[in-house]
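Novice: Questions regarding the structure given below will be posed in turn.
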Amino acid sequence: MASSSPQQILQDVFGFNQFRHQQQAIVEHVIAGQDALVLMPTGGGKSLCYQVPALAREGLAIVVSPLIALMQNQVEALQQLGVHAAFLNSSLRAEDNARITREVMSGDIKLLYVAPERLMVGSFLSLLDEVQQHVGLALFAIDEAHCVSQWGHDFRPEYRQLTVLHHRFPDVPRIALTATADAPTRAEIISQLNLEHARQFVSSFDRPNIRYHVGIKNNARQQLHTFLEREHADDAGIIYCLSRKKVEETAAWLVEKGWSALPYHAGLPAQLREHHQRRFLREEGIIMVATIAFGMGIDKPNVRFVAHLDLPKSMEGYYQETGRAGRDGLQANAWMVYGMGDVVSMRQMLDSGEASEERKRLERLKLDALLGYCESTACRHQTILRYFGESHPGACEQCDNCLHPVETWQATQVAQMALSCVYRTGQRFGVGHLIDVLSGKLTPQVARFGHDKVSTFGIGKTLNLAQWSGVYRQLIAAGLLEADMAAYGGLKLTESARPVLKGAQEVWLRRDAEPEKRISKAERSARAKEAFAGANDDPLWQALKAKRLELAREQGVPPYLIFHDSTLLEIHNRKPHTLDEMGQISGIGQAKLQKYGDDFLQVLEEMD
Ligand code: ADP
Numbered sequence: 132m133a134s135s136s137p138q139q140i141l142q143d144v145f146g147f148n149q150f151r152h153q154q155q156a157i158v159e160h161v162i163a164g165q166d167a168l169v170l171m172p173t174g175g176g177k178s179l180c181y182q183v184p185a186l187a188r189e190g191l192a193i194v195v196s197p198l199i200a201l202m203q204n205q206v207e208a209l210q211q212l213g214v215h216a217a218f219l220n221s222s223l224r225a226e227d228n229a230r231i232t233r234e235v236m237s238g239d240i241k242l243l244y245v246a247p248e249r250l251m252v253g254s255f256l257s258l259l260d261e262v263q264q265h266v267g268l269a270l271f272a273i274d275e276a277h278c279v280s281q282w283g284h285d286f287r288p289e290y291r292q293l294t295v296l297h298h299r300f301p302d303v304p305r306i307a308l309t310a311t312a313d314a315p316t317r318a319e320i321i322s323q324l325n326l327e328h329a330r331q332f333v334s335s336f337d338r339p340n341i342r343y344h345v346g347i348k349n350n351a352r353q354q355l356h357t358f359l360e361r362e363h364a365d366d367a368g369i370i371y372c373l374s375r376k377k378v379e380e381t382a383a384w385l386v387e388k389g390w391s392a393l394p395y396h397a398g399l400p401a402q403l404r405e406h407h408q409r410r411f412l413r414e415e416g417i418i419m420v421a422t423i424a425f426g427m428g429i430d431k432p433n434v435r436f437v438a439h440l441d442l443p444k445s446m447e448g449y450y451q452e453t454g455r456a457g458r459d460g461l462q463a464n465a466w467m468v469y470g471m472g473d474v475v476s477m478r479q480m481l482d483s484g485e486a487s488e489e490r491k492r493l494e495r496l497k498l499d500a501l502l503g504y505c506e507s508t509a510c511r512h513q514t515i516l517r518y519f520g521e522s523h524p525g526a527c528e529q530c531d532n533c534l535h536p537v538e539t540w541q542a543t544q545v546a547q548m549a550l551s552c553v554y555r556t557g558q559r560f561g562v563g564h565l566i567d568v569l570s571g572k573l574t575p576q577v578a579r580f581g582h583d584k585v586s587t588f589g590i591g592k593t594l595n596l597a598q599w600s601g602v603y604r605q606l607i608a609a610g611l612l613e614a615d616m617a618a619y620g621g622l623k624l625t626e627s628a629r630p631v632l633k634g635a636q637e638v639w640l641r642r643d644a645e646p647e648k649r650i651s652k653a654e655r656s657a658r659a660k661e662a663f664a665g666a667n668d669d670p671l672w673q674a675l676k677a678k679r680l681e682l683a684r685e686q687g688v689p690p691y692l693i694f695h696d697s698t699l700l701e702i703h704n705r706k707p708h709t710l711d712e713m714g715q716i717s718g719i720g721q722a723k724l725q726k727y728g729d730d731f732l733q734v735l736e737e738m739d
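In my numbering, the protein residues as written are 132 to 739.
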C-alpha cells in the first residue's frame with residue numbers, strides 16, 4: 132500500500148474519483164513530509180487529508196482525537212474500508228491494550244487514534260520511540276485542533292502539551308485540523324501547537340447545501356411541528372434548546388406527537404446519555420433534542436436538519452451547531468425561530484453572569500452580531516460568511532431571505548412613537564403594557580398608572596399587536612432599548628435611541644411575514660430539488676435502505692458506515708447491473724464492493 136499514489140488510494144480504498152477542493156494539495160504537502168494547518172468547514176472532508184497520507188507514507192500514523200465517540204466512529208469507518216486502524220483510550224481493557232500495542236509494533240496497524248492525555252504518558256512516548264525505530268512514524272494528525280483554545284467551550288488543557296510531539300519527533304510531519312473559523316482561535320492554534328512554519332490551507336467556510344431560515348416565534352412548538360411534518364417526516368435531526376428543562380419538555384412533547392425524539396443534556400446520567408447518542412447514530416430518523424452539550428464528536432453524515440428553539444450565544448456557536456447538518460453534502464436545513472423574549476432573556480443572562488466586565492462586553496458584542504444576522508434582510512450565506520471575513524456573491528437561493536425577499540419599511544416615525552412611549556411611561560414597563568398604551572387600551576394597569584393621560588396614549592392604533600411586537604423586538608435587537616434588570620425586565624432607552632428620537636437618524640425595519648404566507652413558488656421549486664425527491668416513496672429506495680439497515684445491525688454499526696445516503700441514492704438512481712458498474716459509484720471502494728456489492732445487486736434484481 133505504501134507505494135500507491137494518493138489518487139490510487141482515493142479510488143481503491145475510499146471509492147472516490149476526485150479529491151475535493153484543496154484536499155489534493157494538502158495530501159501532497161503532508162506526503163512530502165511538511166507540516167500543515169487545515170481549516171475546513173464541517174463536512175468539507177478533513178479526514179481524508181490525513182488518512183490518505185497515512186496510507187501513502189511508510190509507518191504508523193498517530194491521530195490525536197478528543198473524544199472516545201469520535202475515535203470509535205473513525206476507526207469503524209476505516210475498518211469498513213479495509214484499513215487497519217485502532218484506538219487507545221481509557222475505555223479499553225488491559226488485554227485489548229496489549230494486543231493493539233503488539234499489532235502496532237508489528238506494523239499491522241496503519242492508523243492509531245489516541246486521546247491527548249494518553250499521548251502524554253511517558254510509557255506511550257517511549258512506545259512511539261520504539262515504533263519510530265522499527266516501523267517508522269508516518270505522521271501526527273491533530274484533529275479538532277481548536278480544543279487548544281481556552282476561549283471555546285471545547286477547551287482541552289492536554290492539547291496544549293502536544294508540542295512535545297514536535298520536540299521529540301521533529302522529522303515527523305504534523306497536520307492540525309479544525310472547522311472553527313475565527314481568527315483568534317486560528318492564531319491560538321498556531322502559537323500553542325508551534326505551527327508557525329506550517330503551511331495554512333484555508334477553505335471557504337460556505338456550506339452551500341445548508342438552507343438557512345430564521346423565523347419569528349409565535350407558537351414555537353407548533354411552528355416546529357409544521358416544519359418537521361412538511362420537510363423532515365422521516366429524517367434524523369438535532370433540536371437545540373437552552374435549558375435542560377426545555378430539552379426534556381420538548382422531547383416529551385415530540386414523542387407525544389408521534390416523533391422518535393430523545394433528550395440529551397449534561398444533567399442526564401452518563402449511561403443514558405451514551406445510550407441516546409448511540410441510538411441517534413445507529414438508528415435512522417431519530418431526533419435529538421439537546422443542549423449544546425451535544426455536538427462535538429457527532430460525525431453522523433445524514434443529519435438532515437438542525438433546529439434552534441432558542442438563540443445561540445454567538446455567530447460562532449450558531450455556525451458550529453448548524454454545521455452539524457448535511458455533512459454528506461446533500462440538502463439540509465438550519466431552522467430557527469426567535470422572538471423578543473429570547474433577546475431580552477439572553478441579554479439578561481449575559482449581564483447577570485459571573486464573567487469579568489471585559490468578557491461580558493465581548494459576549495454582548497457577539498450576541499449583537501447574531502441578532503443583526505437574525506434581523507437581516509440580506510442573503511444569509513453572505514451575511515454569515517462576511518462575519519467570518521469571507522465574501523459571497525449573495526442570491527444563494529438557499530435561504531429564507533433569498534427565497535422570499537423580505538420587505539423593509541421606513542419606520543422612523545413608528546420607532547419614535549415606540550421609544551417615546553417607553554420614556555413617557557417612566558422606562559420601567561414591559562412590551563405588553565407599552566403596546567396597550569400605544570393602542571389606547573384602558574386596562575386596569577394603564578388606569579392605575581394614569582397612562583391614559585400620557586401623550587403617547589392611543590397614538591399607535593394603525594398597527595396591530597403583532598406589528599408593534601415586531602417593532603419592539605427589532606428596536607431591542609438593534610440595541611435602542613434594553614431590559615432593565617433592576618426594574619423586573621422593564622424596557623429603558625439606551626444612548627443609541629437619542630438620535631432617533633431627535634429625528635437625526637432614520638429607522639428601517641423588516642416587515643415580518645405572516646407565517647403561512649412564507650411559502651413561495653421559488654421555495655416550492657427549491658423543495659422539489661430536495662435530497663431525496665421522489666426516492667422516499669419508491670419501494671426500491673425503501674428496499675435498499677432496509678438492506679443497509681440489516682447489514683448494519685448484523686455488525687452493530689451505524690447504517691451510514693455501510694454506505695452513506697449519497698452512495699445509496701446513486702445506487703438507486705443508476706441501478707448498476709454488475710459488480711464492475713457498482714464499483715464506479717462514488718463511495719464504493721474495493722473493500723466495500725467485495726463485502727456488500729452482491730447484497731445490493733440482489734436487491735436491485737429482486738425489485739426490477
Ligand atoms: P469533516 O471531518 O471535514 O467534517 P469528513 O472527513 O467527515 O468531513 O467528510 C465529509 C464527507 O465527505 C464524508 O462523507 C466523506 O466521505 C465525504 N468526502 C470527503 N472527501 C471526498 C471526496 N474527495 N469525494 C467524495 N466524497 C468525499
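Note that CB positions come from ideal geometry on N, CA and C, so glycine has one too.
State yes or no: is the C-beta of Met427 nearer than 6 Å to some heavy atom of the ligand ADP?
Specialist: Start at 1 with the first residue of the sequence shown, and residue 427 comes out as number 296. Checking the Cβ of Met427 against the ligand ADP gives no.
Novice: Measure the CB-CB distance between Gly581 and Gly621 and report whether it falls below 7 Å.
Specialist: For the purposes of this step, residue 581 is taken as the residue at position 450 of the sequence shown. For the purposes of this step, residue 621 is taken as the residue at position 490 of the sequence shown. No, these two residues do not count as a Cβ contact at 7 Å.
Novice: Can you check DSSP and say which residues form a bridge with Gln741?
Specialist: Here the chain covers residues 132 to 739 and nothing more, so residue 741 does not appear.
Novice: Mapping DSSP to helix, strand and coil, what is Ile423?
Specialist: Position 292 of the sequence shown holds residue 423. Reduced to three states, the DSSP call for Ile423 is coil.
Novice: Using only CA atoms, which one of Ile199, Ser237 and Gln211 lies nearest to Leu223?
Specialist: Here residue 223 corresponds to residue number 92 of the sequence shown, with the count starting at 1. Here the closest residue by C-alpha is Ile199.
Novice: Starting from the Cα of Gly634, find the closest Cα among Gln544, Ile566, Pro707 and Ala424 and give me that residue.
Specialist: Counted from its first residue, the sequence shown places residue 634 at position 503. Closest by alpha carbon: Gln544.
Novice: Are the beta-carbon atoms belonging to Arg250 and Asp274 less than 7 Å from one another?
Specialist: For the purposes of this step, residue 250 is taken as the residue at position 119 of the sequence shown. For the purposes of this step, residue 274 is taken as the residue at position 143 of the sequence shown. One point to set straight first is that residue 250 is Leu, not Arg, in the sequence displayed. Result no, Cβ atoms of Leu250 and Asp274 do not sit closer than 7 Å.
Novice: For Gln408, count neighbouring C-beta atoms within 10 Å of its own C-beta (all shown protein chains included) and say buried if the count is 16 or more, exposed if not.
Specialist: One-based indexing of the sequence shown puts residue 408 at position 277. With 16 or more Cβ atoms within 10 Å of its Cβ, Gln408 is classed as buried.
Novice: Does the beta carbon of Phe336 fall short of 6 Å from some heavy atom of the ligand ADP?
Specialist: Counted from its first residue, the sequence shown places residue 336 at position 205. False, no ligand heavy atom lies under 6 Å from that Cβ.
Novice: Helix, strand or coil for Thr539? Go by DSSP, reduced to three states.
Specialist: Counted from its first residue, the sequence shown places residue 539 at position 408. Correct three-state label for Thr539: strand.
Novice: Helix, strand or coil for Asn204? Go by DSSP, reduced to three states.
Specialist: Position 73 of the sequence shown holds residue 204. Helix, per DSSP.
Novice: With DSSP as the reference, identify every bridge partner of Val434, one or two as the case may be.
Specialist: To locate residue 434, count along the sequence shown from 1; it is residue 303. The partner list for Val434 (beta bridge, DSSP) reads Ala367.
Novice: Given a cut-off of 7 Å on the beta-carbon distance, is the pair Leu675 and His703 in contact?
Specialist: To locate residue 675, count along the sequence shown from 1; it is residue 544. To locate residue 703, count along the sequence shown from 1; it is residue 572. It is a contact, given that the beta carbons lie within the stated cut-off.
Novice: Anyone know if the C-beta pair for His396 and Val378 falls short of 7 Å?
Specialist: Reading the sequence shown from its first residue, position 265 is the one you call residue 396. Reading the sequence shown from its first residue, position 247 is the one you call residue 378. It is a contact, given that the beta carbons lie within the stated cut-off.
Novice: In the DSSP assignment, find the unbroken alpha helix (DSSP H) run with Arg404 in it and report its ends.
Specialist: Translated into the one-based positions of the sequence shown, residue 404 becomes position 273. Taken as a continuous stretch (DSSP letters only), the alpha helix (DSSP H) holding Arg404 covers Ala401 to Arg413.
Novice: Are Gly190 and Ala269 closer than 7 Å when you measure CB to CB?
Specialist: As a working note, residue 190 is residue 59 in the sequence shown. As a working note, residue 269 is residue 138 in the sequence shown. Contact: yes.
Novice: Apart from the five residues just before and just after Thr173, which ones in its own chain have a Cβ nearer than 7 Å to its Cβ?
Specialist: Translated into the one-based positions of the sequence shown, residue 173 becomes position 42. Closer than 7 Å at the Cβ level, and outside the excluded window around Thr173, lie Ala310, Gly454, Arg455 and Arg458.
Novice: Taking DSSP's pairing of strands, which residues face Tyr469 in a bridge?
Specialist: Mapped onto the sequence shown, residue 469 falls at position 338. Note: Tyr469 sits in a beta bridge opposite Ile347.
Novice: Can you find at least 3 beta carbon pairs, one from the segment 472-485 and one from the segment 445-453, that sit closer than 8 Å?
Specialist: These segments do not touch.
Novice: Look at the alpha carbon of Gly503 and the alpha carbon of Leu606, and state the distance between them as a whole number of angstroms.
Specialist: Counting from one through the sequence shown, the residue named residue 503 turns up at place 372. Counting from one through the sequence shown, the residue named residue 606 turns up at place 475. When rounded, the distance between both Cα atoms is 11 Å.
Novice: Buried or exposed: Lys431, going by 16 or more other Cβ atoms within 10 Å of its Cβ?
Specialist: Working through the sequence shown from its first residue, we reach residue 431 at position 300. Buried, because 16 or more other Cβ atoms sit within 10 Å of the Cβ of Lys431.
Novice: Alpha carbon to alpha carbon, how far is Trp672 from Leu732?
Specialist: Counting from 1 along the sequence shown, the entry for residue 672 is found at position 541. Counting from 1 along the sequence shown, the entry for residue 732 is found at position 601. Cα to Cα, the separation comes out at about 13 Å.
Novice: Measuring alpha carbon to alpha carbon, tell me which of Ile429, Lys723, Leu496 and Gly164 ends up nearest Met202.
Specialist: Within the sequence shown, numbered from 1, the residue matching residue 202 stands at position 71. Measuring from the Cα of Met202, the nearest candidate turns out to be Ile429.
Novice: Please report the straight-line C-alpha distance between Ala401 and Glu681, rounded to a whole angstrom.
Specialist: In the sequence shown, the residue the question calls residue 401 occupies position 270. In the sequence shown, the residue the question calls residue 681 occupies position 550. Cα to Cα, the separation comes out at about 28 Å.
Novice: Apart from the five residues on each side of it in sequence, which residues of its chain come closer than 8 Å, Cβ to Cβ, to Asp745?
Specialist: The question about residue 745 has no answer here: the residues shown for the chain are numbered 132 through 739.
Novice: With DSSP as the reference, label Arg705 as helix, strand or coil.
Specialist: As a first step, residue 705 must be located in the sequence shown, where it is residue number 574. DSSP places Arg705 in helix when its eight states are reduced to three.
Novice: Output the distance between the C-alpha atoms of Lys592 and Gly368, rounded to the nearest integer angstrom.
Specialist: Start at 1 with the first residue of the sequence shown, and residue 592 comes out as number 461. Start at 1 with the first residue of the sequence shown, and residue 368 comes out as number 237. Their Cα atoms are separated by approximately 43 Å.
Novice: Using 10 angstroms around the beta-carbon of Asp166, count the other beta-carbons present and answer buried if the total reaches 16, otherwise exposed.
Specialist: For this step, residue 166 is matched to residue 35 along the sequence shown. So Asp166 ends up on the buried side.
Novice: Are the Cβ atoms of Ile418 and Ala392 separated by less than 7 Å?
Specialist: As a working note, residue 418 is residue 287 in the sequence shown. As a working note, residue 392 is residue 261 in the sequence shown. Contact flag set, yes.
Novice: Where do the ends of the alpha helix (DSSP H) carrying Tyr450 lie?
Specialist: The residue labelled residue 450 in the question sits at position 319 within the sequence shown. Residues Met446 to Thr453.
Novice: Go ahead and label Lys376 buried or exposed: buried means 16 or more other beta carbons lie within 10 angstroms of its beta carbon, across all protein chains shown.
Specialist: Stepping through the sequence shown from its first residue, residue 376 is reached at position 245. Exposed.
Novice: Tell me which residues share the same chain as Glu528 and place their Cβ nearer than 6 Å to its Cβ, disregarding the 5 neighbours each side in the sequence.
Specialist: To locate residue 528, count along the sequence shown from 1; it is residue 397. Closer than 6 Å at the Cβ level, and outside the excluded window around Glu528, lies no residue.
Novice: Is the Cβ-Cβ distance between Gly213 and Ala683 less than 7 Å?
Specialist: The count along the sequence shown starts at 1 and reaches residue 213 at position 82. The count along the sequence shown starts at 1 and reaches residue 683 at position 552. No, the pair does not count as a contact, with Cβ atoms beyond the cut-off.
Novice: Spatial neighbours of Asn325 within its chain, please: CB distance less than 6 Å, with the 5 preceding and 5 following residues excluded, ordered by chain position.
Specialist: For this step, residue 325 is matched to residue 194 along the sequence shown. Around Asn325: Thr294 and His297.
Novice: With 16 as the cutoff for other CB atoms within 10 Å, does Lys388 come out buried or exposed?
Specialist: The residue given as residue 388 occupies position 257 in the sequence shown. Answer is exposed; the Cβ neighbour count stays below 16.
Novice: Check the DSSP bridge columns for Val295 and list the partner residues they point to.
Specialist: Taking the first residue of the sequence shown as 1, we reach residue 295 at position 164. DSSP lists no partner for Val295.
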